[in-house]
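Numbering (the numbering used here), first residue to last: 4 to 474.
Written out as structure tokens, the structure is:
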């Protein structure tokens with residue numbers, strides 16, 4: 004029997020505007036960097052939107068949000084994580100005035116969530132930098148983006164101050180080290196981008212993030228504003244001391260971002276890294292003071308763990324989300340090669356809480372798989388996704404263990420609670436949801452929604468506040 008999750012635990016699911024909304028050119032929306040990424044991270048960047056880009060239609064959440072939110076409410080969601088598409092509000096990113104139709108759309112979504120008592124958890128920038136900011140300013144390498152971002156956050160914080168309590172600044176901010184175009188709108192090709200320019204861009208984002216915390220607390224002191232980190236534990240491949248040190252180094256590459264968000268200053272260990280890589284962060288007057296506006300909580304995604312080794316012959320990376328890493332010989336992997344490690348979630352929860360003593364929020368966790376739509380004995384279309392149920396059950400059991408360890412966990416939102424277009428591959432066949440969407444990689448499908456077996460399983464988990472989970 005699982006010990007009960009805390010009273011008020013925020014159960015729900017997560018999406019991103021660019022992966023579900025569609026309507027890429029409706030109601031005054033400008034283009035985002037995603038609109039010219041038809042194959043995701045690994046594919047080409049096109050000069051204009053092309054028909055093979057699944058994200059242009061997504062799952063048509065823009066027109067079907069009422070239907071989808073009703074399904075989330077039926078599952079019992081307490082929270083729904085979504086993102087605002089920056090280019091819906093400021094089509095070019097540097098516009099002086101916001102687009103009213105874009106603002107109204109999110110008003111409508113928040114009102115619909117309120118109807119069912121669902122808290123919105125809003126990501127301000129989720130891999131959807133306005134394309135004009137990437138092309139005209141080279142994304143976050145340009146300090147001017149801090150001002151454009153400030154204008155954007157002031158606009159949405161003021162508009163939605165009575166409708167949204169929980170905010171996240173940048174999605175997986177540390178991912179920019181591995182996907183600078185998608186994560187930070189940097190137009191310079193990755194292979195040509197210097198470490199100096201990359202870390203300077205990160206500095207601009209970190210200042211902008213802290214500035215958002217400052218502004219948000221001024222506009223509504225009740226706001227809870229968090230950072231969002233790509234969470235991935237690095238285990239030493241062996242007990243060899245050099246492997247342990249290598250794991251520490253790889254951890255710090257990601258922790259650098261959480262450290263600044265949570266502690267309000269650059270960690271000392273980065274001095275050596277900057278020195279050895281000839282990086283000199285250009286600080287403007289006031290930057291250090293702005294960085295001191297730390298987050299209220301730390302949120303993160305968790306899909307897998309990786310191993311680290313100092314041995315070049317063994318340092319062969321396996322598949323993974325943006326980071327990848329040396330595969331763990333003790334773990335199995337998903338269809339996409341992502342290693343499955345539920346205990347790693349308990350580990351990273353403890354690790355973050357020991358380090359920061361701030362509340363934590365798991366805002367992405369899930370299993371991407373090829374689902375088969377079938378007709379059951381009652382004539383209903385569904386998916387028997389026992390593999391997803393097992394994955395989520397096993398991870399949530401470890402969340403319960405972490406809570407028992409003393410970790411303060413605010414909530415849990417599964418990634419892609421409704422099927423959506425994958426960020427890494429721009430496929431729809433890689434499905435995560437409790438709700439099957441009839442759309443396929445060739446563009447066919449009715450966009451009808453069908454409840455999977457996991458829909459009813461998660462409904463029970465929420466109704467029992469986790470008591471129905473199986474150890």
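All C-beta atoms in this analysis are idealised placements derived from N, C-alpha and C, irrespective of residue type, glycine included.
Point to revise | Alpha carbon of residue 136 to alpha carbon of residue 467, nearest angstrom | key: 46 Å
Point to revise | Between the CA atoms of residue 347 and residue 331 - distance to the nearest angstrom | key: 12 Å
Exercise for review: Report the rounded CA-to-CA distance for residue 90 versus residue 317, giving the unit in angstroms.
Suggested key: 44 Å
Review point. Beta carbon of residue 48, beta carbon of residue 184: below 8 Å?
Key: yes
Point to revise | residue 416 and residue 15 closer than 8 Å at C-beta | key: yes
Review point. Going straight from the alpha carbon of residue 3 to that of residue 25, what length do you get?
Key: Residue 3 is absent from the structure shown; the chain starts at 4 and stops at 474.
Practice item. Determine, using beta carbons only, whether residue 430 and residue 304 come nearer to each other than 8 Å. Key: no
Point to revise | residue 105, enclosing beta strand (DSSP E) - first and last residue | key: Element bounds for residue 105: not the beta strand (DSSP E) but the alpha helix (DSSP H), 103–118.
Review point. Any contact of the region 78–97 with the region 110–128, i.e. 3+ C-beta pairs under 8 Å?
Key: yes
**Study point:** Inter-stretch contact at 8 Å, needing at least 3 Cβ pairs: the region 401–409 / the region 453–462
**Key:** no
Review point. Is the beta carbon of residue 108 sitting closer than 8 Å to the one on residue 30?
Key: yes
Practice item. From the DSSP output, in three-state form, read off residue 416 for me. Key: strand
Practice item. Give the straight-line distance between the Cα atoms of residue 352 and residue 382, rounded to the nearest whole angstrom. Key: 42 Å
Review point. If you compare alpha carbons, which of 240, 152, 227 and 190 is closest to residue 211?
Key: 152
Practice item. Mind checking who residue 89 pairs with in its DSSP beta bridge? Key: None, per the DSSP bridge assignment.
Practice item. Could you pull out every residue in the same chain whose Cβ sits closer than 8 Å to the Cβ of residue 267, ignoring the five residues on either side in sequence? Key: 213, 294, 295, 296 and 297
Exercise for review: For residue 48, name the three-state secondary structure that DSSP assigns.
Suggested key: coil
Review point. From what residue to what residue does the alpha helix (DSSP H) around residue 150 run?
Key: 147–162
Check your understanding: Looking at C-beta atoms only, is the number of pairs between the region 360–368 and the region 337–345 that lie closer than 8 Å three or more?
Key -> no
Review point. Would the beta-carbon of residue 101 fall within 8 Å of that of residue 113?
Key: no
Review point. Given a threshold of 16 other Cβ atoms within 10 Å of its Cβ, counted over all protein chains shown, does residue 286 qualify as buried or as exposed?
Key: exposed
Point to revise | Backbone secondary structure at residue 336 - three-state DSSP | key: strand
Review point. For residue 170, which three-state DSSP category applies?
Key: strand
Review point. Using the C-alpha atoms, what's the distance from residue 20 back to residue 166?
Key: 18 Å
Exercise for review: Run the CB neighbour count on residue 239, radius 10 Å, all protein chains shown included, and call it buried at 16 or more, exposed below.
Suggested key: buried
Practice item. Grab me the residues of residue 435's own chain with a C-beta within less than 6 Å of its C-beta, minus the 5 sequence neighbours each way, in chain order. Key: 369, 371, 418 and 419
**Study point:** 7 Å Cβ shell around residue 272 - same chain, five flanking residues per side excluded
**Key:** 255
Practice item. Tell me whether residue 41 sits in a helix, a strand or coil according to DSSP, three-state version. Key: coil
Check your understanding: Going by beta carbon distance, what residues of the same chain come within less than 8 Å of residue 258, once the five residues before and after it are set aside?
Key -> 270 and 358
Point to revise | Whole-number beta carbon distance between residue 374 and residue 484, since they are thought to touch under 8 Å | key: Since the first residue of the chain shown is 4 and the last is 474, residue 484 is not available in this structure.
Review point. Does the Cβ-Cβ distance between residue 385 and residue 456 come in under 8 Å?
Key: yes
Practice item. Specify, as a first and last residue, the run of the alpha helix (DSSP H) that residue 402 falls within. Key: 389–408
Exercise for review: Could you say if the region 184–201 and the region 125–145 meet the contact criterion of at least three C-beta pairs nearer than 8 Å?
Suggested key: yes
Review point. Is it the case that the Cβ atoms of residue 206 and residue 284 are separated by a distance below 8 Å?
Key: yes
Check your understanding: Closest by CA to residue 280, which one among 216, 199 and 225?
Key -> 199
Point to revise | Opening and closing residue of the beta strand (DSSP E) in which residue 127 lies | key: 122–128
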